[in-house]
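Here's the structure we're looking at; comments come further down.
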Amino acid sequence: MTIRLPDSQGGLRAYEPRQEPLALTPGAPLTSRTVFSAAHVVADPYADVSPDSPAAVDWDATLAFRRHLWSHGLGVAEAMDTAQRGMGLDWAGAAELIRRSAAEAESVGGRIACGVGTDQITAGSLAEVRAAYEEQLAVVEGSGAQAILMASRALAAAAKGPEDYLEVYGHLLRQAAEPVILHWLGPMFDPALEGYWGSSDLDAATDTFLEVIAAHPDKVDGIKVSLLDAQREIDLRRRLPQGVRCYTGDDFNYPELIAGDEKGFSHALLGIFDPLGPLAAEAVRVLDTGNVPGFRDLLDPTVDLSRHLFQAPTRFYKTGVVFLAWLAGHQSHFTMVGGLQSARSLPHFARAYELADGLGLFPDPKLAEERMKNLLALYGVAQ
(Lines of atoms letter the chains of each structure in order from A and count residues from 1; the text may use other names and numbers.)
(Lines give C-alpha, C1' and ligand atoms only; values in the text may rest on other atoms or scores of the structure.)
Protein backbone atom coordinates (compact mmCIF):
# COMPACT_ATOMS: atom_id res chain seq x y z
CA MET A 1 0.00 0.00 0.00
CA THR A 2 1.35 3.41 -0.97
CA ILE A 3 0.26 6.99 -0.57
CA ARG A 4 1.02 9.72 -3.11
CA LEU A 5 2.64 12.73 -1.49
CA PRO A 6 3.38 16.11 -3.09
CA ASP A 7 6.98 17.22 -3.31
CA SER A 8 8.51 20.68 -3.37
CA GLN A 9 8.80 20.63 -7.17
CA GLY A 10 5.05 20.38 -7.72
CA GLY A 11 4.96 16.67 -8.46
CA LEU A 12 3.75 13.57 -6.64
CA ARG A 13 5.82 10.71 -5.29
CA ALA A 14 4.87 7.32 -3.89
CA TYR A 15 5.47 6.64 -0.21
CA GLU A 16 4.89 3.34 1.56
CA PRO A 17 3.72 4.03 5.14
CA ARG A 18 5.15 2.16 8.07
CA GLN A 19 2.94 -0.67 9.31
CA GLU A 20 3.97 -0.84 12.95
CA PRO A 21 4.65 1.97 15.42
CA LEU A 22 7.71 2.18 17.61
CA ALA A 23 6.81 0.36 20.82
CA LEU A 24 7.00 3.04 23.51
CA THR A 25 5.29 2.73 26.88
CA PRO A 26 5.55 4.79 30.09
CA GLY A 27 8.52 3.78 32.20
CA ALA A 28 10.56 4.78 35.23
CA PRO A 29 10.98 8.45 36.15
CA LEU A 30 13.83 10.27 34.42
CA THR A 31 16.85 10.77 36.67
CA SER A 32 19.91 12.08 34.83
CA ARG A 33 18.26 15.05 33.11
CA THR A 34 15.33 17.35 33.82
CA VAL A 35 13.22 17.36 30.68
CA PHE A 36 10.31 19.65 29.85
CA SER A 37 8.13 19.45 26.77
CA ALA A 38 6.69 22.80 25.71
CA ALA A 39 3.14 21.69 24.97
CA HIS A 40 0.69 22.99 22.36
CA VAL A 41 -2.93 23.95 22.92
CA VAL A 42 -5.84 22.28 21.17
CA ALA A 43 -8.27 24.71 19.57
CA ASP A 44 -12.04 24.31 19.81
CA PRO A 45 -13.00 23.57 16.19
CA TYR A 46 -16.68 24.32 16.79
CA ALA A 47 -16.19 27.84 18.13
CA ASP A 48 -17.46 30.61 15.85
CA VAL A 49 -14.33 32.74 15.94
CA SER A 50 -12.10 34.62 13.52
CA PRO A 51 -8.27 34.69 13.46
CA ASP A 52 -8.19 37.89 15.52
CA SER A 53 -10.75 36.74 18.11
CA PRO A 54 -9.75 35.59 21.60
CA ALA A 55 -8.61 31.99 21.49
CA ALA A 56 -11.22 29.26 21.81
CA VAL A 57 -9.52 26.29 23.48
CA ASP A 58 -10.70 22.69 23.78
CA TRP A 59 -9.77 22.30 27.43
CA ASP A 60 -10.46 18.57 27.67
CA ALA A 61 -8.19 17.70 24.73
CA THR A 62 -5.55 20.20 25.84
CA LEU A 63 -5.32 18.73 29.33
CA ALA A 64 -5.44 15.17 27.98
CA PHE A 65 -2.33 15.90 25.95
CA ARG A 66 -0.53 17.12 29.05
CA ARG A 67 -1.47 13.92 30.88
CA HIS A 68 0.05 12.02 27.95
CA LEU A 69 3.36 13.86 28.42
CA TRP A 70 3.35 13.43 32.21
CA SER A 71 2.63 9.71 31.84
CA HIS A 72 5.96 9.30 30.06
CA GLY A 73 7.86 11.13 32.78
CA LEU A 74 8.25 14.47 31.03
CA GLY A 75 7.65 17.81 32.65
CA VAL A 76 5.31 20.26 30.92
CA ALA A 77 6.46 23.77 30.07
CA GLU A 78 3.12 25.52 29.94
CA ALA A 79 1.92 28.66 28.18
CA MET A 80 5.15 29.05 26.19
CA ASP A 81 5.47 29.98 22.54
CA THR A 82 4.56 26.40 21.56
CA ALA A 83 1.14 27.15 23.06
CA GLN A 84 0.89 30.11 20.64
CA ARG A 85 1.63 32.82 23.19
CA GLY A 86 1.61 36.00 21.16
CA MET A 87 0.33 34.10 18.10
CA GLY A 88 -3.33 33.55 18.92
CA LEU A 89 -3.36 32.89 22.66
CA ASP A 90 -3.72 36.13 24.61
CA TRP A 91 -2.92 36.66 28.28
CA ALA A 92 -6.48 35.93 29.45
CA GLY A 93 -6.36 32.57 27.69
CA ALA A 94 -2.84 31.88 28.90
CA ALA A 95 -3.81 32.64 32.50
CA GLU A 96 -6.67 30.17 32.31
CA LEU A 97 -4.38 27.61 30.70
CA ILE A 98 -1.85 28.05 33.52
CA ARG A 99 -4.46 27.63 36.24
CA ARG A 100 -6.06 24.58 34.63
CA SER A 101 -2.78 22.85 33.81
CA ALA A 102 -1.26 23.54 37.21
CA ALA A 103 -4.30 22.03 38.90
CA GLU A 104 -4.11 19.02 36.59
CA ALA A 105 -0.39 18.63 37.33
CA GLU A 106 -1.08 18.59 41.05
CA SER A 107 -3.80 15.97 40.62
CA VAL A 108 -1.54 13.56 38.70
CA GLY A 109 1.81 14.40 40.28
CA GLY A 110 3.23 15.96 37.12
CA ARG A 111 5.99 18.55 36.96
CA ILE A 112 5.02 21.93 35.49
CA ALA A 113 6.68 25.26 34.81
CA CYS A 114 4.77 28.14 33.26
CA GLY A 115 5.67 31.11 31.12
CA VAL A 116 5.65 34.59 32.63
CA GLY A 117 5.63 37.36 30.05
CA THR A 118 4.15 40.76 29.31
CA ASP A 119 1.70 39.97 26.53
CA GLN A 120 -1.20 41.75 28.24
CA ILE A 121 0.47 44.93 26.92
CA THR A 122 1.86 45.60 23.46
CA ALA A 123 4.13 48.49 24.49
CA GLY A 124 4.83 50.65 27.50
CA SER A 125 7.35 52.19 29.83
CA LEU A 126 9.79 50.14 31.88
CA ALA A 127 7.49 50.55 34.87
CA GLU A 128 4.55 49.20 32.86
CA VAL A 129 6.66 46.29 31.63
CA ARG A 130 7.63 45.45 35.24
CA ALA A 131 3.99 45.62 36.31
CA ALA A 132 2.93 43.30 33.49
CA TYR A 133 5.61 40.79 34.46
CA GLU A 134 4.57 41.05 38.12
CA GLU A 135 0.92 40.36 37.30
CA GLN A 136 1.81 37.19 35.42
CA LEU A 137 4.36 36.07 38.01
CA ALA A 138 1.66 36.31 40.68
CA VAL A 139 -0.67 34.09 38.61
CA VAL A 140 1.98 31.43 38.03
CA GLU A 141 3.22 31.37 41.61
CA GLY A 142 -0.36 31.44 42.87
CA SER A 143 -1.08 28.32 40.82
CA GLY A 144 1.80 26.47 42.49
CA ALA A 145 3.84 26.16 39.28
CA GLN A 146 7.46 27.10 38.70
CA ALA A 147 7.93 30.36 36.80
CA ILE A 148 9.74 30.76 33.48
CA LEU A 149 10.58 34.42 32.85
CA MET A 150 10.10 34.70 29.10
CA ALA A 151 11.62 37.29 26.82
CA SER A 152 9.34 40.31 26.43
CA ARG A 153 8.55 42.12 23.19
CA ALA A 154 7.51 45.15 25.22
CA LEU A 155 10.80 45.18 27.11
CA ALA A 156 12.76 44.83 23.87
CA ALA A 157 10.95 47.92 22.57
CA ALA A 158 11.24 49.96 25.77
CA ALA A 159 14.79 49.17 26.87
CA LYS A 160 17.46 51.70 25.91
CA GLY A 161 20.39 49.45 26.79
CA PRO A 162 21.70 46.62 28.99
CA GLU A 163 21.09 48.57 32.20
CA ASP A 164 17.32 48.46 31.63
CA TYR A 165 17.39 44.67 31.38
CA LEU A 166 19.50 44.47 34.53
CA GLU A 167 17.03 46.68 36.39
CA VAL A 168 13.83 44.90 35.25
CA TYR A 169 15.11 41.35 35.71
CA GLY A 170 16.80 42.20 38.99
CA HIS A 171 13.52 43.59 40.30
CA LEU A 172 11.62 40.46 39.28
CA LEU A 173 14.20 38.02 40.65
CA ARG A 174 14.31 39.77 44.01
CA GLN A 175 10.58 39.28 44.48
CA ALA A 176 10.29 35.76 43.02
CA ALA A 177 9.21 33.33 45.74
CA GLU A 178 11.13 30.39 44.24
CA PRO A 179 13.99 30.01 41.74
CA VAL A 180 12.87 30.67 38.18
CA ILE A 181 14.00 29.66 34.71
CA LEU A 182 15.21 32.53 32.52
CA HIS A 183 14.31 32.20 28.85
CA TRP A 184 16.41 33.71 26.07
CA LEU A 185 14.43 33.36 22.86
CA GLY A 186 16.23 34.34 19.68
CA PRO A 187 14.80 36.50 16.88
CA MET A 188 14.47 33.46 14.60
CA PHE A 189 11.55 32.47 16.85
CA ASP A 190 10.25 36.04 17.27
CA PRO A 191 11.70 38.87 15.18
CA ALA A 192 10.47 41.43 17.75
CA LEU A 193 13.15 40.11 20.14
CA GLU A 194 16.08 41.28 18.03
CA GLY A 195 18.72 42.91 20.24
CA TYR A 196 17.51 41.34 23.48
CA TRP A 197 19.65 41.98 26.55
CA GLY A 198 20.52 45.34 25.06
CA SER A 199 22.63 44.39 22.06
CA SER A 200 22.47 42.64 18.69
CA ASP A 201 26.04 41.53 19.38
CA LEU A 202 25.49 38.10 20.91
CA ASP A 203 28.73 38.23 22.89
CA ALA A 204 27.69 41.50 24.53
CA ALA A 205 24.15 40.20 25.09
CA THR A 206 25.57 37.06 26.72
CA ASP A 207 27.62 39.15 29.13
CA THR A 208 24.51 41.05 30.23
CA PHE A 209 22.53 37.82 30.57
CA LEU A 210 25.24 36.34 32.77
CA GLU A 211 25.40 39.54 34.82
CA VAL A 212 21.70 39.17 35.64
CA ILE A 213 22.28 35.60 36.81
CA ALA A 214 25.46 36.37 38.77
CA ALA A 215 23.62 39.01 40.78
CA HIS A 216 20.87 36.58 41.83
CA PRO A 217 22.18 32.98 41.54
CA ASP A 218 19.91 31.79 44.38
CA LYS A 219 16.84 32.90 42.41
CA VAL A 220 17.77 31.24 39.09
CA ASP A 221 17.08 27.53 38.77
CA GLY A 222 18.32 27.56 35.21
CA ILE A 223 18.30 29.16 31.81
CA LYS A 224 16.57 28.14 28.59
CA VAL A 225 18.54 29.09 25.52
CA SER A 226 16.81 29.12 22.12
CA LEU A 227 19.40 30.54 19.72
CA LEU A 228 19.92 27.46 17.49
CA ASP A 229 23.68 27.75 18.00
CA ALA A 230 25.11 24.68 19.73
CA GLN A 231 28.59 26.04 20.40
CA ARG A 232 27.25 29.28 21.84
CA GLU A 233 25.06 27.28 24.23
CA ILE A 234 28.01 25.11 25.27
CA ASP A 235 30.16 28.17 25.90
CA LEU A 236 27.36 29.80 27.88
CA ARG A 237 26.59 26.81 30.08
CA ARG A 238 30.29 26.54 31.02
CA ARG A 239 30.09 30.10 32.36
CA LEU A 240 27.03 29.57 34.55
CA PRO A 241 27.38 29.79 38.33
CA GLN A 242 27.48 26.51 40.22
CA GLY A 243 23.99 25.07 40.60
CA VAL A 244 22.38 27.02 37.74
CA ARG A 245 21.22 24.62 35.04
CA CYS A 246 21.15 25.04 31.30
CA TYR A 247 17.94 23.85 29.61
CA THR A 248 18.54 23.53 25.91
CA GLY A 249 15.95 25.10 23.67
CA ASP A 250 17.96 24.25 20.54
CA ASP A 251 15.61 22.26 18.34
CA PHE A 252 18.42 21.70 15.81
CA ASN A 253 21.17 20.27 18.04
CA TYR A 254 19.45 18.85 21.14
CA PRO A 255 20.88 15.28 21.12
CA GLU A 256 24.50 16.40 21.43
CA LEU A 257 23.65 19.15 23.91
CA ILE A 258 21.69 16.83 26.21
CA ALA A 259 24.33 14.10 25.95
CA GLY A 260 26.96 16.66 26.92
CA ASP A 261 30.72 16.39 27.14
CA GLU A 262 33.41 16.04 29.77
CA LYS A 263 32.64 19.54 31.05
CA GLY A 264 28.89 19.28 31.41
CA PHE A 265 25.54 18.86 29.68
CA SER A 266 22.23 20.56 29.06
CA HIS A 267 18.86 19.62 30.46
CA ALA A 268 15.96 20.20 28.07
CA LEU A 269 12.97 22.46 27.52
CA LEU A 270 11.96 21.87 23.93
CA GLY A 271 9.04 22.38 21.59
CA ILE A 272 10.11 19.37 19.55
CA PHE A 273 9.52 17.17 22.60
CA ASP A 274 5.79 17.78 22.07
CA PRO A 275 5.62 15.34 19.11
CA LEU A 276 8.66 13.37 20.30
CA GLY A 277 7.50 12.98 23.91
CA PRO A 278 7.49 9.19 24.37
CA LEU A 279 10.59 8.66 22.22
CA ALA A 280 12.47 11.47 23.97
CA ALA A 281 11.59 10.02 27.36
CA GLU A 282 12.77 6.56 26.33
CA ALA A 283 16.04 8.02 25.06
CA VAL A 284 16.68 9.80 28.36
CA ARG A 285 15.96 6.58 30.27
CA VAL A 286 18.70 4.96 28.23
CA LEU A 287 20.95 7.89 29.07
CA ASP A 288 20.06 7.41 32.76
CA THR A 289 21.91 4.07 32.59
CA GLY A 290 25.04 5.80 31.29
CA ASN A 291 24.53 4.50 27.76
CA VAL A 292 25.31 7.61 25.71
CA PRO A 293 25.60 5.77 22.35
CA GLY A 294 22.19 4.17 22.94
CA PHE A 295 20.72 7.58 23.73
CA ARG A 296 22.14 9.03 20.54
CA ASP A 297 20.96 6.03 18.51
CA LEU A 298 17.39 6.79 19.58
CA LEU A 299 17.43 10.58 19.40
CA ASP A 300 19.78 11.42 16.52
CA PRO A 301 17.38 10.11 13.83
CA THR A 302 14.73 12.59 15.04
CA VAL A 303 16.80 15.66 14.14
CA ASP A 304 15.76 15.66 10.48
CA LEU A 305 12.12 15.92 11.54
CA SER A 306 12.88 18.68 14.03
CA ARG A 307 14.90 20.70 11.54
CA HIS A 308 12.06 20.33 9.06
CA LEU A 309 9.41 21.53 11.51
CA PHE A 310 11.59 24.42 12.70
CA GLN A 311 12.79 25.57 9.28
CA ALA A 312 12.46 29.26 8.49
CA PRO A 313 10.22 31.02 9.21
CA THR A 314 10.88 29.20 12.49
CA ARG A 315 8.02 30.81 14.40
CA PHE A 316 5.57 28.69 12.38
CA TYR A 317 6.91 25.41 13.79
CA LYS A 318 3.77 25.25 15.92
CA THR A 319 1.76 24.33 12.83
CA GLY A 320 3.79 21.18 12.28
CA VAL A 321 3.58 20.26 15.96
CA VAL A 322 -0.23 20.41 15.95
CA PHE A 323 -0.39 18.63 12.59
CA LEU A 324 1.55 15.68 14.02
CA ALA A 325 -0.62 15.63 17.15
CA TRP A 326 -3.67 15.28 14.89
CA LEU A 327 -2.09 12.48 12.86
CA ALA A 328 -1.07 10.72 16.08
CA GLY A 329 -4.66 10.75 17.35
CA HIS A 330 -4.15 13.17 20.23
CA GLN A 331 -6.88 15.42 18.82
CA SER A 332 -9.74 14.91 16.42
CA HIS A 333 -9.01 17.78 14.03
CA PHE A 334 -6.31 19.95 12.49
CA THR A 335 -7.57 23.38 13.49
CA MET A 336 -5.40 25.87 15.33
CA VAL A 337 -5.88 28.97 17.42
CA GLY A 338 -5.81 31.99 15.12
CA GLY A 339 -6.17 29.85 11.99
CA LEU A 340 -2.45 29.06 12.07
CA GLN A 341 -3.02 25.70 10.35
CA SER A 342 -2.60 27.68 7.14
CA ALA A 343 0.95 28.77 8.00
CA ARG A 344 2.73 25.86 6.26
CA SER A 345 2.44 24.40 2.77
CA LEU A 346 1.11 21.01 1.69
CA PRO A 347 4.61 19.79 0.67
CA HIS A 348 5.80 20.78 4.16
CA PHE A 349 3.03 18.69 5.75
CA ALA A 350 3.76 15.78 3.44
CA ARG A 351 7.42 15.72 4.40
CA ALA A 352 6.57 16.04 8.10
CA TYR A 353 4.23 13.05 7.80
CA GLU A 354 6.87 10.99 6.00
CA LEU A 355 9.60 11.77 8.53
CA ALA A 356 7.38 11.16 11.57
CA ASP A 357 5.98 7.94 10.12
CA GLY A 358 9.49 6.71 9.37
CA LEU A 359 10.40 7.22 13.02
CA GLY A 360 7.37 5.20 14.16
CA LEU A 361 5.88 8.15 16.06
CA PHE A 362 2.25 7.39 15.21
CA PRO A 363 0.62 4.97 17.68
CA ASP A 364 -1.82 3.98 14.92
CA PRO A 365 -0.06 4.26 11.53
CA LYS A 366 -3.27 3.42 9.68
CA LEU A 367 -5.11 6.31 11.34
CA ALA A 368 -2.27 8.65 10.46
CA GLU A 369 -2.36 7.48 6.85
CA GLU A 370 -6.13 7.96 6.62
CA ARG A 371 -5.91 11.46 8.06
CA MET A 372 -3.05 12.35 5.73
CA LYS A 373 -5.14 11.17 2.77
CA ASN A 374 -8.06 13.30 4.01
CA LEU A 375 -5.82 16.36 4.08
CA LEU A 376 -4.47 15.58 0.62
CA ALA A 377 -8.00 15.20 -0.72
CA LEU A 378 -8.91 18.61 0.77
CA TYR A 379 -6.06 20.07 -1.30
CA GLY A 380 -7.22 18.22 -4.41
CA VAL A 381 -4.67 15.40 -4.44
CA ALA A 382 -6.32 12.20 -5.60
CA GLN A 383 -4.98 8.82 -4.49
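The sequence shown begins at -12 in the working numbering and counts up by one. Backbone N, C-alpha and C define an ideal beta-carbon position, used for all residues, glycine too.
Less than 8 Å separating the beta-carbons of residue -10 and residue 360?
Yes; because the gap between Cβ atoms is below 8 Å, this pair is in contact.
Would you list, in sequence order, the uninterrupted beta strand (DSSP E) runs of no fewer than 3 residues that lie entirely inside the stretch 59 to 129?
As summarised for the stretch 59 to 129, the continuous beta strand (DSSP E) elements at least 3 residues long and confined to that stretch are 62 to 65 and 99 to 103, given in chain order.
Taking the beta carbon of residue 110 as the centre, do at least 16 other beta carbons fall within 10 Å, making it buried, or is it exposed?
Classification of residue 110: exposed, given that the 10 Å Cβ count is below 16.
Apart from the five residues on each side of it in sequence, which residues of its chain come closer than 8 Å, Cβ to Cβ, to residue 179?
The beta carbon of residue 179 lies closer than 8 Å to those of 140, 143 and 144 in the same chain, with the five residues before and after it left out.
7 Å CB neighbourhood of residue 288 in its chain, flanking five on each side removed
Same-chain partners within the cutoff: 346.
Taking C-beta to C-beta, are residue 106 and residue 176 nearer than 8 Å?
Result no, Cβ atoms of residue 106 and residue 176 do not sit closer than 8 Å.
For the structure I just gave you, are there three or more beta carbon pairs, one from the stretch 88 to 101 and one from the stretch 157 to 164, closer than 8 Å?
No, the stretch 88 to 101 is not in contact with the stretch 157 to 164.
Please report how far the alpha carbon of residue 264 lies from the alpha carbon of residue 16, in whole angstroms.
Between residue 264 and residue 16, the C-alpha separation is close to 14 Å.
Just checking: is the beta-carbon of residue -4 within a distance shorter than 8 Å of some beta-carbon in chain B?
Any reference to chain B falls outside this structure, which holds one protein chain only.
Given residue 374 as reference, the closest of 186, 165 and 201 once Cα atoms are compared
Since the first and last residues shown for the chain are -12 and 370, residue 374 lies out of range.
Do residue 238 and residue 259 have their CB atoms nearer than 8 Å?
One thing to note: residue 238 has its Cβ within 8 Å of the Cβ of residue 259.
Can you give me the start and stop residues for the alpha helix (DSSP H) that residue 254 sits inside?
From DSSP, residue 254 is part of no alpha helix (DSSP H) but of the beta strand (DSSP E) over 254 to 257.
Could you spell out where the alpha helix (DSSP H) holding residue 281 opens and where it closes?
Unbroken alpha helix (DSSP H) run through residue 281: 279 to 286.
Determine whether the beta carbon atoms of residue 100 and residue 62 lie at a separation below 8 Å.
Yes, the pair counts as a contact, with Cβ atoms nearer than the cut-off.
Sort 214, 261, 230 and 262 by Cα distance to residue 244 and report the nearest one.
Per the Cα distances, 214.
Restricting to runs no shorter than 3 residues, where is the beta strand (DSSP E) found entirely within the stretch 192 to 259?
Entirely contained in the stretch 192 to 259, the beta strand (DSSP E) runs reaching 3 residues are, in chain order, 207 to 213, 232 to 235 and 254 to 257.
Exposure label - residue 276; buried when at least 16 CB within 10 Å:
Counting Cβ neighbours within 10 Å, residue 276 comes out exposed, since fewer than 16 surround it.
Confirm the yes/no value for this check: CB of residue 22, any heavy atom of the ligand SAH, distance under 7 Å.
Although the ligand SAH was asked about, the structure shown includes no ligands whatsoever.
Under the three-state DSSP convention, the category residue 24 falls into:
Strand.
How is the alpha helix (DSSP H) around residue 335 delimited, first residue to last?
Unbroken alpha helix (DSSP H) run through residue 335: 333 to 346.
CA-CA distance, residue 155 and residue 116?
Take the alpha-carbon of residue 155 and the one of residue 116: they are about 8 Å apart.
Can you tell me the Cα-Cα spacing of residue 234 and residue 181, whole angstroms?
C-alpha separation (whole angstroms): 21 Å.
Three-state secondary structure assigned by DSSP to residue 2
Strand.
With burial defined as no fewer than 16 other Cβ atoms inside 10 Å of the residue's Cβ, what is the status of residue 12: buried or exposed?
Label assigned to residue 12: exposed.
Which partner residues does residue 134 have in the DSSP bridge list?
Per DSSP, 101.
From the DSSP output, in three-state form, read off residue 350 for me.
Three-state DSSP puts residue 350 in coil, outside helix and strand.
Taking a contact to mean a Cβ-Cβ separation below 8 Å, would you say residue 267 touches residue 22 in this structure?
For residue 267 and residue 22, yes; Cβs fall inside 8 Å.
Spatial distance of residue 228 from residue 0 (CA atoms)
Looking at the two C-alpha atoms, the distance is approximately 52 Å.
How many angstroms separate the CA atom of residue 217 from the CA atom of residue 240?
Between residue 217 and residue 240, the C-alpha separation is close to 6 Å.
Whole-angstrom C-beta distance between residue 195 and residue 152, which should lie under 8 Å
About 6 Å separates the CB atoms of residue 152 and residue 195; that is less than 8 Å, so the two are in contact.
Distance between residue 249 and residue 83 (C-alpha atoms, nearest Å)
Those two C-alpha atoms are separated by around 43 Å.
When you compare only the Cα positions, how much space is there between residue 132 and residue -2?
Each residue's alpha carbon lies about 49 Å from the other.
Considering only residues of the same chain and omitting the five flanking positions on each side of residue 336, which have a CB-CB separation below 7 Å?
Answer for residue 336: 310 and 362, listed in chain order.
Could you check how far apart the C-beta atoms of residue 204 and residue 231 are, in whole angstroms? I think they sit under 8 Å.
Rounded, the Cβ-Cβ distance is 6 Å, consistent with contact.
Span of the alpha helix (DSSP H) around residue 313
304 to 314 is the extent of the alpha helix (DSSP H) around residue 313.
Looking only at its own chain, which residues have a Cβ that is under 7 Å from the Cβ of residue 87, when we skip the five neighbours before and after it?
Non-local C-beta neighbours of residue 87 in its own chain, meaning closer than 7 Å and more than five positions away in sequence, comprise 46 and 50, ordered along the chain.
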